[in-house]
Amino acid sequence: MNYWLFSLINDMANQSFVLDALMIVISKVVPYIYIFILAGLYMQGFRTRNFKLRGESFATGVLFLICLLGSFILGSMFYENRPFVDHTVVLIVNHAADASFPSDHAVGTMALACGILYYRWNLGTWMVYGSILVGISRVFVGNHYPGDILGAFILVWILTALYNKLLRRGVVRVYKGLDRRLMHAYMKRFQPEERY
71 MNYWLFSLIN DMANQSFVLD ALMIVISKVV PYIYIFILAG LYMQGFRTRN
121 FKLRGESFAT GVLFLICLLG SFILGSMFYE NRPFVDHTVV LIVNHAADAS
171 FPSDHAVGTM ALACGILYYR WNLGTWMVYG SILVGISRVF VGNHYPGDIL
221 GAFILVWILT ALYNKLLRRG VVRVYKGLDR RLMHAYMKRF QPEERY
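Counted from 1, the sequence shown has number 222 at position 152 by my numbering; the numbering is strictly sequential.
Take a look at the structure:
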């Protein structure tokens with residue numbers, strides 16, 4: 071079933087230049103856009119002295135790192151070759167022949183989407199849709215099986231639920247102390263005439 075679904079999606083590659091180009095952009099560029107969105111939210115909170123926004127961004131960043139760590143551990147426990155190692159595929163994006171399961175691109179984008187979704191429903195919802203497209207694109211370009219994508223999403227959803235229940239508030243509290251020192255140092259150095 072996993073290979074059958076992979077073939078169903080991957081066989082559409084090299085049929086349309088426009089579709090190929092779109093899938094390559096989604097696969098390679100969207101993950102960086104997500105990182106820039108998170109960095110932009112944090113910098114907006116920094117410029118506007120909005121602790122809530124900075125705290126949200128930091129908490130999302132921690133979730134992102136936890137999910138990537140979980141992906142590394144899961145991939146080490148259940149190693150799977152990439153599709154192009156064991157099969158003849160339509161490979162339109164070259165990739166190292168390392169572990170296929172789970173997809174780091176799917177893990178990273180879904181983790182950022184879920185982290186932002188917790189605070190900002192509209193933006194987070196669009197990012198979830200974008201992450202699903204990233205997952206499909208990774209299959210389309212020949213880098214992952216559908217199971218790698220589904221496994222990545224399930225991992226993120228489980229870790230996000232645990233993080234929100236057990237860790238998120240504590241992470242924000244820890245960041246609050248660090249943030250006060252950071253903002254105090256910034257105001258003292260660059261805007262000494264204003265009070266923080």
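Heads up, the beta-carbon is just placed ideally off N, CA and C, and yes, glycines get one too.
| query | result |
| --- | --- |
| Any idea what DSSP makes of N151, helix, strand or coil? | coil |
| Could you give the first and the last residue of the continuous alpha helix (DSSP H) run that contains M180? | 174-187 |
| Quick one: does F142 have its CB under 8 Å from some CB of chain C? | Absent here is chain C; the protein component of the structure consists of one chain. |
| What's the gap between the Cα of H157 and the Cα of F87? | 23 Å |
| Would F171 and G221 be called neighbours here (beta carbons separated by less than 8 Å)? | yes |
| As a quick exercise: from G125, S201, C184, pick the residue whose alpha carbon is nearest that of G247. | G125 |
| Under the three-state reduction of DSSP, which class applies to T158: helix, strand or coil? | coil |
| Just checking, does the region 130-137 make contact with the region 173-192 on the three C-beta pairs under 8 Å criterion? | yes |
| State whether the region 140-149 contacts the region 100-120, with contact taken as three or more CB pairs (one from each stretch) at a distance under 8 Å. | no |
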